[in-house]
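Reviewing the structure listed below.
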Amino acid sequence: MAIALVLVLVVVGSVLFHFLSPWWWTPIASNWDYIDNTIIITFWITGVVFAAVVLFMAYCVFRFRHREGNQAAYEPENKRLEWWLTIVTAIGVTAMLVPGLFVWNQFVSVPSDATVVEVVGQQWQWSFRLPGKDGKLGTSDTRNVSPENPLGVNASDANGQDDVVIEAADLHLPVGKPVKMLLRSIDVLHDFYVPEFRAKMDMIPGSVTYFWFTPTKTGTFQVLCAELCGQGHPLMNGVVMVDTPEDYLAWLGEQQTFAQLSAPQQVGSAE
Amino acid sequence: MVDVTPADAVPPAEVAEMELYHPHSWWTKYVFSQDAKVIAIQYSATATAIGLVALVLSWLMRLQLGFPGTFDFISPEAYYQFITMHGMIMVIYLLTALFLGGFGNYLIPLMVGARDMVFPYVNMLSYWIYLLAVLVLASSFFAPGGPTGAGWTLYPPQAIMTGTPGGQDWGIILMLVSLILFIIGFTMGGLNYVVTVLQARTRGMTLMRLPLTVWGIFTATVMALLAFPALFVACVMMLFDRALGTSFFMPAIVQMGEQLQHGGGSPILFQHLFWFFGHPEVYIVALPAFGIVSDLISTHARKNIFGYRMMVWAIVGIGALSFVVWAHHMYVSGMHPYFGFFFATTTLIIAVPTAIKVYNWVLTLWRGDIHLTVPMLFALAFIVTFVNGGLTGLFLGNVVVDVPLSDTMFVVAHFHMVMGVAPILVIFGAIYHWYPKVTGRMLNEAMGQFHFWVTFLGAYLIFFPMHYIGLMGVPRRYHELTNTTVMTESAHDLNAFISIMAFLVGFAQIVFLFNLIWSIRHGREAGGNPWRATTLEWQTPETPPAHGNFGKELPIVYRWAYDYSVPGAKEDFIPQNMPGSFGTSREPA
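Residue numbers (full-length UniProt numbering), protein chains in the order written: chain H, 1 to 271; chain Z, 1 to 589.
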């Protein structure tokens, strides 16, 4: 008997917790509110199913608990009921899957006007590279990595000379412009994750992965590594600042290109 | 209702006593035994022992997460070693071993009406190799550098590199060797379970008369025999990469400023192999639980399982589908994004047969005669936690919803609810249910009630709120969350609450272990069939069943396993081996 009451309390408690607790997602700062909407749809459908199943159980336990002289019904099958339940379930599942796939299609279709930003992960820091005036990133290879060339940019590729290199410092992005994040790692798996942007993707040494988003709010956001990458994993934080276009250009003007960074040593020592 | 009449060609059911058949010494009876029931107990005891290690590791993790900075001995290295060993022990060495090696060995021969497994000697070897695998695994705690801290998924390249605990020491090597041994041992047992179900069923025991427990364990074993080889080759290849310097999974890498000799390998290939095993593994654990809980519900609600044939096909369908969903663990792994469309669709399709199982369990309760015994309570709690965990699977399986939630505490909460808490609740229910058959005595009811309430409510309070920490964006596998801005002050308090619940639930398990030992001597005498159940294991001439299970003559099966409360029958159950026709039984066939 207590179990019937507890089952009801589990449902009521879970629903109240969902609506009243202070623990909810961070305010979104990208275009991926489609993802948030899909989560809301999923919460509603699954929440209704959970409550219905558990409350039905609670009713059965209360109504059909053993008492002297009771006898259970004998009903091995009920084809009609079983088919109905199957069809209703399939409809519910489709109602979640279809919007999900629709949004996924957007997620994997990078708009043609997206600017490119390369993120390079290594134990345990983030570096970035932006294409220079030519709008193209030079090629790169882990084999080129050295203390002078920490991102492994191909020095003989003309496209790479004007690339802006940001080693272990903050990334700035202009608000409202779609950006394609090209993700690369020179050592182990990492994952570039900013909770407010809702998007994330693993970085795999030897491959270039990507995702895209449009920052919609200016501000400072924390980058987290979301793929266990060794004992420094929780310390692998970074910062993305989403700027107004003016602030962004001002910041960009202060950054150094690959050519400047790899220029002969005396330039640096003369200063 | 068809009565089965033995045909002339069938040999007599009576089996002549063979001199070589029975054990002759204490050693061959209790230690190097070839009796599946003894092997089952050996498997279960070993799994429980290593499971206790995993329980202690979970306490240590929760100490760190609930009270960060308080316990200096939990360094990042130690923390990652704890999570890795906890995960691997729970999934492989406890759940898989207990369901298949423990329950499979005990129940398959008894439930299908066989004297033993078909290859008893290989069955014995299976256990001893499993024990060796457990010892190798445990030895890594004492090896230089300690056990591996690569996470239970053991992803390369980090798993064999210096930034990961045990990566360049003994830890990862011992882990891989232990897994290889486990798979060899499991294969020996698994072939036994499959062949026994297919070949050693007693007369009248058609496949569609098997109890769902046997269907669950049988299907899970077939899946394991197909899935474990993928893990086996992945382990061998990674062992080569680590020990011989090959590059199966290793691309060009700069490690702390130094160019490594590796090149050309693919880290993501390992992930595909791992999850080709890893996803079926979820169902290797879940299907036996599905089967067992069906029988618990039916027996204790005194009602036939609703939709038996649909239940069988759902088990088989889930088993087959689970081989084409593996990459839903890899939506954000960097694999080609178009895979997402395929794997999200297959993953959500699996929800349909799974939902059918849930409906049929609750419809079995409908118009039943529900006895709220301890096994029944655990079965009800299983439905709650399994429905909860299964539904959050619809978040993570739906590719785009997985993107923000992947690698967060939401995932941790989901898989603990669905493949941690839910199957373990079934294990508890099953132990309370079959303990009287194994020992001849009932487990203590008061301790059982205490164990149930603390475990069920405590586990729900641990894992339900944890989803919301993940929804906030808090990543999993963080030793330290104090630097993470999405982690609010109140969420830290919630973490502390979850930790306290974890200690309480752990304490209840100690009460349970005490009950297991105490009741061997002090439990109430059970008799042969205390639950008045229909299946063959309750019809043995002796309790506990002797070697050979059924005395001189094997039982003949006349009906399905679910003739409870047949209208017109004198009792509310008709054992499977009861000849004759009673009331208006309508066996689905």
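Yeah, the Cβ is synthetic: ideal placement off N, Cα and C, and Gly gets one too. Everything numeric in this text was worked out from a predicted model, so none of it was measured.
Can you name the residues of chain Z whose CB is closer than 7 Å to the CB of H:Asn149? Under the 7 Å cutoff, chain Z gives no residues; its nearest Cβ is about 11 Å from H:Asn149.
Beta-carbon neighbours of H:Thr26, restricted to chain Z and to distances below 7 Å: Met472, Gly473 and Val486
Residue(s) in a DSSP beta bridge with Z:Thr408: Z:Pro475
Cβ-heavy atom distance, Z:Phe507 to the ligand MG, below 6 Å: What this structure holds is no ligand at all, so the ligand MG is not there to describe.
Alpha carbon of H:Trp212 to alpha carbon of H:Lys180, nearest angstrom: Computed Cα separation, rounded: 4 Å.
Within the same chain, show all residues whose beta-carbon is closer than 6 Å to that of Z:Ala252, passing over the 5 residues directly before and after it, in chain order. Gly263
So what does Z:Val566 bridge to, in DSSP terms? According to DSSP, which records beta bridges pairwise, Z:Val566 is partnered with nothing at all.
Would you check if there are 3 or more beta carbon pairs closer than 8 Å linking the region 391 to 411 of chain Z to the region 197 to 209 of chain H? yes
Tell me, please, which residues DSSP counts as bridged to Z:Asn388. Looking at the DSSP assignment, Z:Asn388 forms no beta bridge with any residue, so it has no partner.
Return yes when the Cβ of Z:Phe82 is within less than 7 Å of the Cβ of Z:Leu60, no when it is not. Yes, Cβ-Cβ distance for Z:Leu60 and Z:Phe82 is below 7 Å.
Between Z:Ile292 and Z:Thr213, how many whole angstroms is the CB-CB distance? I'm expecting something under 8 Å. 5 Å
According to DSSP, Z:Ile370 sits in a beta bridge with which residue or residues? H:Arg65
Rounding to the nearest angstrom, what Cα-Cα distance links Z:Ser178 and Z:Leu132 in this structure? 8 Å
Contact the region 338 to 355 of chain Z vs the region 311 to 327 of chain Z: 3+ CB pairs below 8 Å: yes
Measure the alpha-carbon distance for Z:Phe395 versus Z:Thr46 and round it to whole angstroms. Rounded to the nearest angstrom, the two C-alpha atoms are 36 Å apart.
List, in chain order, every chain Z residue whose beta-carbon is nearer than 8 Å to that of H:Ser21. Pro465 and Tyr468
Across which residues does DSSP place H:Leu224 in a beta bridge pair? H:Tyr193
Coarse secondary structure for Z:His300, derived from DSSP in three states: helix
Measuring only the C-alpha atoms, how far is Z:Ala430 from Z:Ile217? 13 Å
Starting from the Cα of Z:Val415, find the closest Cα among Z:Phe463, Z:Met237 and Z:Val454 and give me that residue. Before going on, a small fix: residue 415 of chain Z reads as Phe here, not Val. Of Z:Phe463, Z:Met237 and Z:Val454, the residue nearest in Cα terms is Z:Phe463.
Establish whether the CB of H:Gly268 and some CB of chain Z are separated by less than 7 Å. At H:Gly268, the pLDDT of 46 sits below 50, so the modelled position is not reliable; the number obtained from the coordinates is stated separately. False, the Cβ-Cβ gap to chain Z never drops below 7 Å.
Distance cutoff 7 Å, beta carbons only. Does H:Val53 sit that close to anything in chain A? Included in the structure are the protein chains H and Z, with no chain A among them.
Report the partner residues of H:Gln122 according to the DSSP bridge assignment. H:Gln125
Using Cβ-Cβ distances below 8 Å, what residues of the region 332 to 349 of chain Z are close to chain H? Val332, Ser333, Gly334, Pro337, Tyr338, Gly340, Phe341, Ala344, Thr345, Leu348 and Ile349
Using CA coordinates, which residue listed in H:Gln222, H:Val188 and H:Val164 is at the minimum distance from H:Gly253? H:Val164
What residue does the alpha helix (DSSP H) around H:Pro99 start on, and which one ends it? Lys79 to Val108
With contact counted as at least three CB pairs below 8 Å, one residue from each stretch, are the region 170 to 184 of chain H and the region 236 to 248 of chain H in contact? Yes, the region 170 to 184 of chain H is in contact with the region 236 to 248 of chain H.
Give the interface partners of Z:Pro76 over in chain H, defined as CB-CB distance under 7 Å, in chain order. Gln231
Residue nearest to residue 275 of chain H in terms of C-alpha spacing, selected from H:Leu81, H:Gly219 and H:Gly238: In the structure as shown, chain H begins at 1 and stops at 271. Residue 275 of chain H is therefore absent and cannot be evaluated.
Endpoints, alpha helix (DSSP H) assigned at Z:His86: Pro76 to Met88
Against chain Z, does H:Ile87 count as a neighbour if the rule is that its beta carbon must be under 7 Å from one of theirs? Closer than 7 Å: no.
At the 7 Å Cβ level, is H:Met241 part of the contact set with chain Z, yes or no? no
Would you call Z:Asp407 buried or exposed, if buried means 16 or more other Cβ atoms sit within 10 Å of its Cβ? buried
Could you give the residue range of the alpha helix (DSSP H) that holds Z:Pro423? Ala422 to Thr439
Taking the alpha-carbon positions, what's the Z:Thr48 to Z:Ser581 distance? 43 Å
Run through the DSSP bridge pairs and tell me what Z:Pro147 is partnered with. Per DSSP, Z:Gly171.
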